[in-house]
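According to our numbering, numbering within the sequence shown proceeds without interruption in unit steps and concludes at 476.
Beta carbons: idealized from backbone N, C-alpha and C, even for Gly.
Remember, it's a predicted structure, so these values are computed and weren't measured experimentally.
First the structure, in the form of structure tokens, and then the observations on it.
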Amino acid sequence: MNKKAGPMFYIFLALFVFLVMFPFLWVLASSIKPVAELFGDRAFIPFTENMTLENYESVFVNYPFLKYLWNSLVVSTITTVYAVLVASFAAYAIARLNFKGKTVILGLVLSVSMFPQIATISPIYIVLKNLGLTNSYLGLIIPYTTFTLPLSIWLLVTFFRKIPFDLEEAAKIDGASLMQTYWRVILPLALPGIFTTAILVFISAWNEFLFALTINTDDEFKTVPVGIAMFEGQFTIPWGEVTAATVIVTVPLVIMVLLFQRRIVSGLTSGAVKE
Numbered sequence: 202m203n204k205k206a207g208p209m210f211y212i213f214l215a216l217f218v219f220l221v222m223f224p225f226l227w228v229l230a231s232s233i234k235p236v237a238e239l240f241g242d243r244a245f246i247p248f249t250e251n252m253t254l255e256n257y258e259s260v261f262v263n264y265p266f267l268k269y270l271w272n273s274l275v276v277s278t279i280t281t282v283y284a285v286l287v288a289s290f291a292a293y294a295i296a297r298l299n300f301k302g303k304t305v306i307l308g309l310v311l312s313v314s315m316f317p318q319i320a321t322i323s324p325i326y327i328v329l330k331n332l333g334l335t336n337s338y339l340g341l342i343i344p345y346t347t348f349t350l351p352l353s354i355w356l357l358v359t360f361f362r363k364i365p366f367d368l369e370e371a372a373k374i375d376g377a378s379l380m381q382t383y384w385r386v387i388l389p390l391a392l393p394g395i396f397t398t399a400i401l402v403f404i405s406a407w408n409e410f411l412f413a414l415t416i417n418t419d420d421e422f423k424t425v426p427v428g429i430a431m432f433e434g435q436f437t438i439p440w441g442e443v444t445a446a447t448v449i450v451t452v453p454l455v456i457m458v459l460l461f462q463r464r465i466v467s468g469l470t471s472g473a474v475k476e
């Protein structure tokens, strides 16, 4: 018999939601305040009568923020498509085919994903510099695969293992080749997992900072995280513009997650439930 949740449950739930949302709400409130109200006694008042959108206007007028957004969108989208496509083939082979060394390959994938970025940034930068790929989209897409591809493979292996092997055997009996089985039988059933992986990879690439800061130093190719960090002036930090830019780049991700939350949850749980 199901027990009804008591009032304490909702109190703790409301407190938890408030603690989780507080940083974003504080940034949102700061983005619509005049600079004079960001500090002092009125700094602790979330919303005042002097609310303004000047910070948002300044972000687009005084900085090439649209270019930063475009750069992040291009790099994150291409990285996501490339990483998920390659990872889907690799994960299918590891999860569905019998060959020696599968455990070793998964171990190598895990070990690569555990390397800190600061330990790999120097050799990656030297290679890209010698190839003439710094200050370019490709110069970020290549190193981004060092952390998005292992993540994609690990997630997709779990999803592919969840699919019943009987469907694959039935396809073989019907005369389907290995690739036909993959494209027509396995891939459609793994779409929730692929969709979930794509969203996680996109967010990871969108938020990446260290590679973008080191490899692309030209304003023409800076991404959003680096662009916001460069808002800092010689003597002051424009906190109002920084918070406004933070809201602008965060809201699309929040909306995307809210719109596709059912698919994300479906994809994550489908790999965790055993038959």
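Considering only the alpha carbon of each residue, which of the options lies closest to residue i?
{"i": "A372", "options": "Y383, F240, I322", "result": "Y383"}
{"i": "A391", "options": "L459, T444, F348, A288", "result": "A288"}
{"i": "I325", "options": "L460, L270, P344", "result": "P344"}
{"i": "T304", "options": "W355, S259, E255, T346", "result": "W355"}
{"i": "F412", "options": "P317, S231, V228, L274", "result": "P317"}
{"i": "F432", "options": "T249, V262, N251", "result": "V262"}
{"i": "G441", "options": "T253, Y211, T249, N331", "result": "T253"}
{"i": "S323", "options": "K301, L414, T278, P235", "result": "L414"}
{"i": "Y264", "options": "L454, V443, L459", "result": "V443"}
{"i": "W407", "options": "T397, D419, P426", "result": "P426"}
{"i": "M457", "options": "D419, T397, T418, Y338", "result": "T397"}
{"i": "L350", "options": "L460, V455, Y283", "result": "Y283"}
{"i": "E409", "options": "Y211, N251, A430", "result": "A430"}
Taking only the alpha-carbon atoms, compute the straight-line gap between residue i and residue j and give it to the nearest angstrom.
{"i": "T280", "j": "L334", "result": "16 Å"}
{"i": "Q381", "j": "L368", "result": "13 Å"}
{"i": "F403", "j": "T437", "result": "33 Å"}
{"i": "L226", "j": "F245", "result": "12 Å"}
{"i": "F290", "j": "V450", "result": "32 Å"}
{"i": "G472", "j": "S259", "result": "Its pLDDT being 46, under 50, G472 is placed unreliably by the model, and the measurement read from it follows with that caveat. Roughly 45 Å between the two C-alpha positions."}
{"i": "I395", "j": "L286", "result": "9 Å"}
{"i": "V310", "j": "A292", "result": "11 Å"}
{"i": "V228", "j": "A294", "result": "45 Å"}
{"i": "I327", "j": "S314", "result": "20 Å"}
Helix, strand or coil, according to DSSP, for residue i in the structure here?
{"i": "V474", "result": "In this predicted model, V474 has a pLDDT of only 43, less than 50, meaning its place in the structure is not dependable; the value taken from the coordinates is given anyway. Note: V474 maps to coil in three-state DSSP."}
{"i": "D375", "result": "coil"}
{"i": "K268", "result": "helix"}
{"i": "F300", "result": "coil"}
{"i": "M202", "result": "The predicted position of M202 is uncertain, since its pLDDT is 48 and thus under 50; no value can be drawn from it."}
{"i": "A399", "result": "helix"}
{"i": "A391", "result": "coil"}
{"i": "P317", "result": "coil"}
{"i": "M252", "result": "coil"}
Is the separation between the beta-carbon of residue i and that of residue j shorter than 8 Å?
{"i": "A296", "j": "V358", "result": "yes"}
{"i": "N256", "j": "A399", "result": "no"}
{"i": "L307", "j": "L352", "result": "no"}
{"i": "T424", "j": "S312", "result": "no"}
{"i": "V448", "j": "L341", "result": "no"}
{"i": "N336", "j": "F422", "result": "yes"}
{"i": "P247", "j": "A230", "result": "yes"}
{"i": "F266", "j": "G376", "result": "no"}
Should residue i be listed as close to the ligand PLP, given that the test is whether its C-beta is under 7 Å from any heavy atom?
{"i": "L379", "result": "Of ligands this structure carries none, so the ligand PLP is not represented either."}
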